[in-house]
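>
Protein chains: 2
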Amino acid sequence: MFESVKSNRISEYIISQIRNAVFEGKLKPGDRLPPEHQLMETFGVSKATLREALRGLELLGFLQVRKGVEGGAIITEVDIKPALGCLTNYLHFKNPSIGDLTQVRILLESYGVEKAAAAISPEEIGRLEELNEACAQALESGNQDELRKNEIEFHRIIAGVTANPILAVLVDIVENLLDGTKEILQPDKTFSEKVLAAHKRIAAALLQKNPDQTRDEMIKHIREVERDLIRLQEERRKSSDSL
Amino acid sequence: MFESVKSNRISEYIISQIRNAVFEGKLKPGDRLPPEHQLMETFGVSKATLREALRGLELLGFLQVRKGVEGGAIITEVDIKPALGCLTNYLHFKNPSIGDLTQVRILLESYGVEKAAAAISPEEIGRLEELNEACAQALESGNQDELRKNEIEFHRIIAGVTANPILAVLVDIVENLLDGTKEILQPDKTFSEKVLAAHKRIAAALLQKNPDQTRDEMIKHIREVERDLIRLQEERRKSSDSL
DNA sequence: TAAATTAAATAGTATAATATTTTAACTTTA
DNA sequence: TAAAGTTAAAATATTATACTATTTAATTTA
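Top line first, the protein sequences correspond to chains Y and L. Residue numbers for the first sequence follow the working numbering, so the first one is 141 and each next one is one higher. Residue numbers for the second sequence follow the working numbering, so the first one is 141 and each next one is one higher.
1. Which ranges does the alpha helix (DSSP H) cover as unbroken runs of at least 4 residues, wholly within the stretch 280-358 of chain L, from first to last along the chain?
2. Using only the alpha-carbon positions, how far apart do residue 282 of chain L and residue 370 of chain Y sit?
3. Would DSSP call residue 203 of chain L helix, strand or coil?
4. If the cut is a Cβ gap below 7 Å, which residues of chain Y does residue 218 of chain L touch?
5. Could you please give me the residues that DSSP links to residue 212 of chain Y through a beta bridge?
6. Quick check: the stretch 187-203 of chain Y against the stretch 177-195 of chain L, are at least 3 beta-carbon pairs closer than 8 Å?
7. Might you give, ordered along the chain, the residues of its own chain that have their beta carbon closer than 6 Å to the beta carbon of residue 167 of chain L, omitting 5 neighbours on each side?
8. Counting only Cβ pairs nearer than 9 Å, list the residues of chain Y close to residue 151 of chain L.
9. Here's the rule: buried if 16 or more other CB atoms are within 10 angstroms of the residue's CB, otherwise exposed. What is residue 165 of chain Y?
10. Classify residue 145 of chain Y as buried or exposed, calling it buried when 16 or more other Cβ atoms lie within 10 Å of its own Cβ.
11. Go through its chain and collect everything with a Cβ distance to residue 142 of chain L's Cβ below 6 Å, but skip five positions before and after it.
12. Is it true that the CB of residue 199 of chain Y sits closer than 8 Å to the CB of residue 199 of chain L?
13. Quick check on the DSSP output: the alpha helix (DSSP H) that includes residue 231 of chain Y runs from which residue to which?
14. I want to see whether chain L comes within less than 8 Å of residue 295 of chain Y, judged by CB atoms only; does it?
15. Does residue 183 of chain L come within less than 8 Å of chain Y when only Cβ atoms are used?
16. Taking any Cβ of chain Y, which residues in the stretch 298-329 of chain L have a Cβ under 9 Å from it, in chain order?
17. Evaluate residue 157 of chain L with the Cβ neighbour count: other Cβ atoms within 10 Å of its Cβ, from every protein chain shown; 16 or more gives buried, anything less gives exposed.
18. Excluding the five sequence neighbours on either side, which residues of its own chain have a C-beta within less than 6 Å of the C-beta of residue 349 of chain L, listed in chain order?
19. Let's see if you can read the secondary structure: which residues bound the alpha helix (DSSP H) around residue 173 of chain L?
20. To the nearest whole angstrom, what separates the beta carbons of residue 333 of chain Y and residue 248 of chain Y, a pair I think is in contact under 8 Å?
21. Are any of the Cβ atoms in chain Y nearer than 8 Å to that of residue 175 of chain L?
22. Would you report the Cα separation of residue 171 of chain Y and residue 359 of chain L, rounded to the nearest angstrom?
23. Along the chain, where does the alpha helix (DSSP H) that runs through residue 156 of chain Y open and close?
24. Looking at the structure shown, is residue 365 of chain Y part of a helix, part of a strand, or coil, going by DSSP?
25. When the Cα of residue 251 of chain Y is compared with those of Y/322, Y/231, Y/295, which residue comes out closest?
26. Relative to the C-alpha of residue 366 of chain L, which residue among L/212, L/337, L/322 is closest?
27. Helix, strand or coil, according to DSSP, for residue 142 of chain Y in the structure here?
28. Roughly how many whole angstroms lie between the Cα atoms of residue 222 of chain L and residue 223 of chain Y?
29. Please confirm whether residue 314 of chain L and residue 245 of chain L have their CB atoms less than 8 Å apart.
30. Find the nearest neighbour of residue 220 of chain L within the set Y/231, Y/211, Y/335, Y/300, judged by alpha-carbon distance.
31. Which of helix, strand or coil does DSSP assign to residue 260 of chain Y?
32. Quick one: measure Cβ to Cβ for residue 327 of chain L and residue 368 of chain L, integer angstroms, because I've assumed they're closer than 8 Å.
33. Would you mind giving the Cβ-Cβ distance between residue 318 of chain L and residue 309 of chain Y, rounded to the nearest angstrom? I have them listed as a contact below 8 Å.
34. For residue 243 of chain Y, tell me which candidate among L/303, L/340, L/380, L/175 has the shortest Cα-Cα distance.
35. Roughly how many angstroms separate the alpha carbons of residue 264 of chain L and residue 225 of chain L, rounded to a whole number?
36. On the CB-based measure, 16 or more other CB atoms within 10 Å of its CB, does residue 182 of chain Y come out buried or exposed?
See the structure below:
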């Protein structure tokens with residue numbers, strides 16, 4: 141009947157107030173909150189309490205706090221990073237396998253790419269091709285981080301074409317998990333070359349607006365990545381056993 | 141080449157240290173950290189800084205802080221709530237529609253329930269039937285919150301049968317979004333009766349280990365929920381227009 | 001023996017002072 | 001005169017300390 145009002149922590153109230161203000165559009169990205177001493181007065185709390193609230197809002201991705209002249213708390217676009225971080229924390233204890241990840245990737249992305257094949261615009265295909273070009277360059281220069289970032293972005297763009305924000309978020313999540321796996325297993329150049337080739341085939345199939353072929357290419361690609369990553373994992377396991 | 145070393149915030153260092161200790165199993169759920177004054181000494185920081193770190197770890201779901209004798213910071217099982225909260229924050233600005241949600245539900249849950257039909261154990265079916273019983277009782281007593289909680293749990297259990305933690309998490313996410321929608325639209329008793337009837341049909345199909353029928357029932361169920369929620373949303377829109 | 005009281009441990013909040021960082025304005029110098 | 005260096009001010013970051021509130025357990029009391 142009534143909601144339990146525990147967590148008497150004052151900082152929680154401040155967090156709620158500011159979060160709600162952002163949700164209701166009273167505070168927009170770019171807006172600067174008044175300086176700390178003024179917020180202390182406004183909320184009638186001490187510095188420590190206010191700072192707890194600001195730090196919390198920062199962790200949740202609602203604002204950034206900067207020092208110095210022109211500093212202060214600045215409302216930011218709420219992005220997906222805090223959520224991805226929390227999910228990683230949670231899944232860390234569930235030990236998902238590469239197979240688990242693959243299963244979900246195929247489910248989500250084969251569906252997504254098939255829908256995308258019907259809806260994709262020339263501009264979006266252009267972006268995919270640019271990305272593939274950027275991948276090729278990163279491969280040359282050996283920029284691993286840039287390479288991984290672009291590889292993920294390719295899948296995110298395709299998910300974005302579906303105009304279903306929930307589907308896009310879920311693809312974001314699984315691609316983020318995949319990225320974490322890659323970061324650990326450090327695949328070699330051959331791996332990335334195969335990925336790039338697959339991405340090019342997918343982009344080509346999208347260009348022809350062929351849903352079935354696009355879907356098939358995507359599934360083939362995801363399975364290939366699975367195979368390579370599992371092999372890497374096996375190698376890693378063996379070498380750590382022999383220690 | 142080099143990693144940027146910003147965020148000199150001391151509290152971030154403390155958060156990292158404790159999070160890593162949890163990840164590495166050095167700290168386990170139930171463990172109690174020393175009291176604040178001692179942690180202040182251990183880390184060599186002031187109270188305010190330490191508390192910033194503890195508040196952060198609390199928001200991230202790593203620990204709970206309690207007052208009083210035998211109180212202090214207690215390591216907790218990292219659960220999915222912080223992640224769901226962050227995702228809700230993020231999606232709030234994307235305005236997903238009930239149709240978007242339905243599309244993803246069908247994709248994930250029709251797949252999940254089909255797999256579950258082959259793998260489900262008698263105990264798990266028992267739990268589903270218990271849940272349906274609990275739903276019937278909550279329906280009688282008019283306990284909305286209990287009812288909603290059980291309705292979600294039904295889908296979570298089925299997703300759990302697949303033994304794929306990633307799939308389970310994604311179902312958790314979409315069911316949580318659905319729950320938020322229900323909280324806003326406040327469906328009536330008829331709605332919940334239809335849901336319960338559908339859940340019973342799904343449980344029965346699972347008992348017979350019939351993947352196709354199970355899948356069909358699940359899809360029918362999700363679409364029915366979609367229809368009802370959209371109708372409610374329409375009614376709400378009209379009545380707010382007339383204000 | 002059960003209820004009420006007290007005491008101790010512990011987190012929560014407040015206040016004030018100092019340190020650090022950032023940016024802009026200013027000054028110097030080649 | 002333009003680049004480089006310096007300084008000053010604004011703002012947060014951190015520290016230190018004192019005080020308050022809350023929770024639990026032990027103790028007293030009816």
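Beta carbons: idealized from backbone N, C-alpha and C, even for Gly.
So, from the listed chains and residues:
1. Listed in chain order, the complete alpha helix (DSSP H) runs (minimum 4 residues) inside the stretch 280-358 of chain L are 284-301, 305-325, 329-347.
2. To locate residue 282 of chain L, count along the second sequence from 1; it is residue 142. To locate residue 370 of chain Y, count along the first sequence from 1; it is residue 230. Computed Cα separation, rounded: 51 Å.
3. For the purposes of this step, residue 203 of chain L is taken as residue 63 along the second sequence, with counting starting at 1. DSSP places residue 203 of chain L within a strand segment (E or B) once states are collapsed to three.
4. On the second sequence, position 78 is the one that residue 218 of chain L refers to. Residues of chain Y with a Cβ closer than 7 Å to the Cβ of residue 218 of chain L are, in chain order, 229, 230, 233.
5. By 1-based counting over the first sequence, the position of residue 212 of chain Y is 72. Residue 212 of chain Y is bridged to Y/206.
6. Result yes; three or more Cβ-Cβ pairs closer than 8 Å.
7. By 1-based counting over the second sequence, the position of residue 167 of chain L is 27. So the list reads 161, 215, once near-sequence residues are dropped.
8. Taking the first residue of the second sequence as 1, we reach residue 151 of chain L at position 11. Listed along chain Y, the residues sitting closer than 9 Å to residue 151 of chain L by beta-carbon distance are 195.
9. Along the first sequence, read from residue 1 onward, the residue named residue 165 of chain Y stands at position 25. By the Cβ-count criterion, residue 165 of chain Y is exposed, with fewer than 16 other Cβ atoms from all chains shown falling within 10 Å of its own Cβ.
10. To locate residue 145 of chain Y, count along the first sequence from 1; it is residue 5. Because residue 145 of chain Y carries a pLDDT of 43, less than 50, the predicted location of this residue cannot be relied on, and no value is offered for it.
11. Along the second sequence, one-based indexing puts residue 142 of chain L at 2. With a pLDDT of 47 at residue 142 of chain L, under the threshold of 50, the predicted position of this residue should be treated as unreliable, and no value is reported.
12. Here residue 199 of chain L corresponds to residue number 59 of the second sequence, with the count starting at 1. Here residue 199 of chain Y corresponds to residue number 59 of the first sequence, with the count starting at 1. Cβ atoms of residue 199 of chain L and residue 199 of chain Y: closer than 8 Å.
13. On the first sequence, position 91 is the one that residue 231 of chain Y refers to. Unbroken alpha helix (DSSP H) run through residue 231 of chain Y: 221-232.
14. Locating residue 295 of chain Y in the first sequence gives position 155, counting from the first residue. Closer than 8 Å: no.
15. As a working mapping, residue 183 of chain L is identified with position 43 in the second sequence. Chain Y, which has no Cβ nearer than 8 Å to the Cβ of residue 183 of chain L, makes this no.
16. If the cut-off is 9 Å between Cβ atoms, the stretch 298-329 of chain L has 302, 303, 304, 305, 306, 307, 308, 309, 310, 313, 314, 317 near chain Y.
17. On the second sequence, position 17 is the one that residue 157 of chain L refers to. Answer is exposed; the Cβ neighbour count stays below 16.
18. In the second sequence, the residue the question calls residue 349 of chain L occupies position 209. Correct list, in chain order: 257.
19. The residue labelled residue 173 of chain L in the question sits at position 33 within the second sequence. For residue 173 of chain L, there is no enclosing alpha helix (DSSP H), as DSSP marks it with neither H nor E.
20. As a position in the first sequence, residue 333 of chain Y is number 193, starting the count at 1. As a position in the first sequence, residue 248 of chain Y is number 108, starting the count at 1. Residue 248 of chain Y and residue 333 of chain Y do not touch by the CB rule: their CB atoms are close to 25 Å apart, not below 8 Å.
21. Sequence index remark: in the second sequence, residue 175 of chain L carries index 35 (1-based). Output row for residue 175 of chain L: interface = no.
22. Sequence index remark: in the first sequence, residue 171 of chain Y carries index 31 (1-based). Sequence index remark: in the second sequence, residue 359 of chain L carries index 219 (1-based). Rounded to the nearest angstrom, the two C-alpha atoms are 44 Å apart.
23. Within the first sequence, numbered from 1, the residue matching residue 156 of chain Y stands at position 16. Going by DSSP, residue 156 of chain Y is part of the alpha helix (DSSP H) stretching over 150-163.
24. Taking the first sequence and counting its residues from 1, one reaches residue 365 of chain Y at position 225. Helix.
25. Within the first sequence, the letter at position 111 stands for residue 251 of chain Y. Shortest Cα-Cα distance from residue 251 of chain Y to any of Y/322, Y/231, Y/295 involves Y/295.
26. Residue mapping note: residue 366 of chain L aligns to position 226 of the second sequence, counting from 1. Nearest of L/212, L/337, L/322 to residue 366 of chain L, Cα basis: L/322.
27. Position 2 of the first sequence, counted from the start, is the residue given in the question as residue 142 of chain Y. Residue placement at residue 142 of chain Y cannot be trusted, given a pLDDT of 38 that sits under 50; what the coordinates show is reported in the next sentence. Reduced to three states, the DSSP call for residue 142 of chain Y is coil.
28. Translated into positions along the second sequence, residue 222 of chain L becomes position 82. Translated into positions along the first sequence, residue 223 of chain Y becomes position 83. Looking at the two C-alpha atoms, the distance is approximately 8 Å.
29. Stepping through the second sequence from its first residue, residue 314 of chain L is reached at position 174. Stepping through the second sequence from its first residue, residue 245 of chain L is reached at position 105. In this structure, the beta-carbon distance from residue 314 of chain L to residue 245 of chain L falls below 8 Å.
30. Taking the first residue of the second sequence as position 1, residue 220 of chain L is located at position 80. Out of Y/231, Y/211, Y/335, Y/300, the CA that lies nearest to the CA of residue 220 of chain L is found in Y/231.
31. Translated into the one-based positions of the first sequence, residue 260 of chain Y becomes position 120. DSSP places residue 260 of chain Y in coil when its eight states are reduced to three.
32. Along the second sequence, one-based indexing puts residue 327 of chain L at 187. Along the second sequence, one-based indexing puts residue 368 of chain L at 228. About 6 Å separates the two Cβ atoms, so the contact holds.
33. As a working note, residue 318 of chain L is residue 178 in the second sequence. As a working note, residue 309 of chain Y is residue 169 in the first sequence. Contact check for residue 318 of chain L and residue 309 of chain Y: beta-carbon distance about 14 Å, past the 8 Å limit, so the pair fails to qualify.
34. As a first step, residue 243 of chain Y must be located in the first sequence, where it is residue number 103. Here the closest residue by C-alpha is L/303.
35. For the purposes of this step, residue 264 of chain L is identified with residue 124 of the second sequence, where counting begins at 1. For the purposes of this step, residue 225 of chain L is identified with residue 85 of the second sequence, where counting begins at 1. The C-alpha of residue 264 of chain L lies about 28 Å from the C-alpha of residue 225 of chain L.
36. On the first sequence, residue 182 of chain Y is found 42 positions in, with the first residue counted as 1. It is exposed - the Cβ of residue 182 of chain Y has fewer than 16 other Cβ atoms within 10 Å.
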